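Undergrad: Note that the protein sequences, when read in sequence, are chains L and W.
Count the first sequence with our numbering and you get residues 1 to 111, in order.
Count the second sequence with our numbering and you get residues 112 to 228, in order.
Even for Gly, the Cβ is constructed at its ideal location relative to N, Cα and C.
Quantities reported herein were computed from a predicted structural model and do not represent experimental measurements.
Okay, handing you the structure first.
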Amino acid sequence: QKEVEQNSGPLSVPEGAIASLNCTYSDRGSQSFFWYRQYSGKSPELIMFIYSNGDKEDGRFTAQLNKASQYVSLLIRDSQPSDSATYLCAVLSGSARQLTFGSGTQLTVLP
Amino acid sequence: DARVTQTPRHKVTEMGQEVTMRCQPILGHNTVFWYRQTMMQGLELLAYFRNRAPLDDSGMPKDRFSAEMPDATLATLKIQPSEPRDSAVYFCASGDLRGLQSAYEQYFGPGTRLTVT
Chain L
1 QKEVEQNSGP LSVPEGAIAS LNCTYSDRGS QSFFWYRQYS GKSPELIMFI YSNGDKEDGR
61 FTAQLNKASQ YVSLLIRDSQ PSDSATYLCA VLSGSARQLT FGSGTQLTVL P
Chain W
112 DARVTQTPRH KVTEMGQEVT MRCQPILGHN TVFWYRQTMM QGLELLAYFR NRAPLDDSGM
172 PKDRFSAEMP DATLATLKIQ PSEPRDSAVY FCASGDLRGL QSAYEQYFGP GTRLTVT
């Protein structure tokens with residue numbers, strides 16, 4: 001079992017819709033959770049982080065964390081074609097003190 | 112604006128040659144990470160340093176890879192000898208990690224795209 005799992009996609013949504021990206025992790029001691037966006041040929045860019053159970057909103061982005069279910073998600077409201085990218089989930093494990101990245105979900109927003 | 116810089120951006124070399132990649136972390140950041148990204152394996156952590164001291168290099172093939180941080184403004188990743196399977200994008204990232212959860216935000220450089228023929 002991979003430590004951090006994401007649906008690889010590709011995920012396609014129409015412009016203006018809500019895109020939902022999911023991530024599960026295996027280490028119950030994980031403390032912090034991060035979402036990175038990576039455009040093709042570019043480096044990962046941090047867009048959200050969350051440490052506590054519940055929702056955290058930042059503009060059109062909402063991160064949701066459920067530690068009991070070991071699940072973290074990213075919602076993108078009013079999706080735009082410029083949101084088309086690969087989204088990487090990263091988890092800070094309790095013991096390793098370093099980030100473990102999922103394989104990423106490729107999102108395409110169709111005009 | 113503050114950013115991580117990496118050189119070279121692209122490198123094509125022949126198998127057996129030495130490759131050195133350089134990274135300048137964001138000024139004031141105390142932790143530097145080296146990652147490798149391939150289509151097959153995704154983003155893998157190779158090594159990281161805190162306050163210039165190596166903390167973990169378990170992700171790095173020890174026989175051919177070495178990572179150093181000679182000063183606070185320069186980190187290097189060296190491959191000797193290089194092999195075709197080393198072809199990947201190598202990212203450096205830096206962060207200001209001081210034991211607080213919020214300090215685990217990492218900021219990535221533009222990467223070095225390495226091709227070994």
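Throw me the rounded Cβ distance for the W:CYS134 and W:GLY222 pair, which I believe falls under 8 Å.
TA: Wrong, their Cβ atoms sit about 10 Å apart, outside the cutoff.
Undergrad: Given this structure, state the Cα-to-Cα distance separating L:TYR71 from L:PHE101, to the nearest angstrom.
TA: If I take the Cα positions, the gap works out to 14 Å.
Undergrad: Residues in the same chain with beta-carbon distance under 8 Å from L:LEU99, minus the five sequence neighbours each way, listed in chain order, please.
TA: The answer, listed in chain order, is PHE34, ALA90, VAL91, LEU92.
Undergrad: Flag L:TYR25 as yes if its beta-carbon sits less than 9 Å from any beta-carbon of chain W, otherwise no.
TA: Closer than 9 Å: no.
Undergrad: Given L:SER103, which residues of its chain have a CB within under 7 Å of its CB, disregarding the five upstream and five downstream residues?
TA: So the list reads GLN6, SER8, once near-sequence residues are dropped.
Undergrad: Could one say the Cβ of L:PHE34 lies closer than 9 Å to chain W's Cβ atoms, at least one of them?
TA: Answer yes: the Cβ-Cβ gap between L:PHE34 and chain W drops below 9 Å somewhere.
Undergrad: Taking L:PRO113 as the query, report the chain W residues whose CB atoms sit under 9 Å from its CB, ordered along the chain.
TA: Limits of chain L in this structure are 1 at one end and 111 at the other, which puts residue 113 of chain L out of reach.
Undergrad: Contact between the segment 136 to 154 of chain W and the segment 168 to 188 of chain W is defined here as three or more beta-carbon pairs at a separation below 8 Å; is this criterion met?
TA: They touch, by the three-pair rule.
Undergrad: Give a yes or no on whether the minimum CB-CB distance between W:PHE229 and chain L is below 9 Å.
TA: As shown, chain W starts at 112 and ends at 228. That puts residue 229 of chain W outside it, with no answer to give.
Undergrad: Given a limit of 7 Å on CB to CB distance, which residues of the segment 144 to 170 of chain W reach chain L?
TA: The segment 144 to 170 of chain W vs chain L, Cβ under 7 Å: GLY153, LEU154, LEU156, TYR159, ASP167.
Undergrad: When you compare the segment 190 to 201 of chain W with the segment 119 to 133 of chain W, are there three or more beta-carbon pairs, one atom per stretch, that lie closer than 8 Å?
TA: Yes, the segment 190 to 201 of chain W touches the segment 119 to 133 of chain W.
Undergrad: Consider the Cβ of W:PHE176: report whether some Cβ of chain L lies at a distance smaller than 9 Å.
TA: False, the Cβ-Cβ gap to chain L never drops below 9 Å.
Undergrad: Just tell me which of W:HIS121, W:GLN117, W:GLY127, W:LEU225 has its CA closest to the CA of W:ARG175.
TA: It is W:GLY127.
Undergrad: Are the beta-carbon atoms belonging to L:LEU21 and L:LEU110 less than 9 Å from one another?
TA: No, the Cβ-Cβ distance between L:LEU21 and L:LEU110 is not below 9 Å.
Undergrad: Over the uninterrupted beta strand (DSSP E) stretch that includes W:VAL123, give me the two end residues.
TA: Taken as a continuous stretch (DSSP letters only), the beta strand (DSSP E) holding W:VAL123 covers 121 to 124.
Undergrad: Restricting to runs no shorter than 3 residues, where is the beta strand (DSSP E) found entirely within the segment 20 to 96 of chain L?
TA: Correct list: 32 to 38, 45 to 50, 54 to 58, 61 to 66, 71 to 76, 85 to 92.
Undergrad: Rounded to whole angstroms, what's the CA-CA distance from W:ALA214 to W:ASP207? Just pull it up for me.
TA: Below a pLDDT of 50, predicted positions are generally treated as unreliable, and W:ALA214, at 47, falls in that range; the measurement from the model is reported next regardless. Taking the straight line from one Cα to the other gives about 6 Å.
Undergrad: Do the CB positions of W:PRO136 and W:CYS203 come within less than 9 Å of each other?
TA: Cβ distance < 9 Å, so W:PRO136 and W:CYS203 count as in contact.
Undergrad: So the candidates are L:SER84, L:PRO14, L:PHE61; which of them puts its Cα closest to the Cα of L:ILE47?
TA: Looking at the Cα atoms, L:PHE61 is the closest of the given residues.
Undergrad: For the segment 41 to 52 of chain L, which residues have a beta carbon sitting closer than 8 Å to at least one beta carbon of chain W?
TA: Residues passing the 8 Å Cβ filter: LYS42, SER43, PRO44, GLU45, LEU46, PHE49, TYR51.
Undergrad: For a cutoff of 9 Å on Cβ pairs, would you count L:PHE61 as touching chain W?
TA: False, the Cβ-Cβ gap to chain W never drops below 9 Å.
Undergrad: Using DSSP bridges, identify the partner residues of L:CYS99.
TA: It is Leu, not Cys, that sits at residue 99 of chain L in the sequence shown. Note: L:LEU99 sits in a beta bridge opposite L:LEU92.
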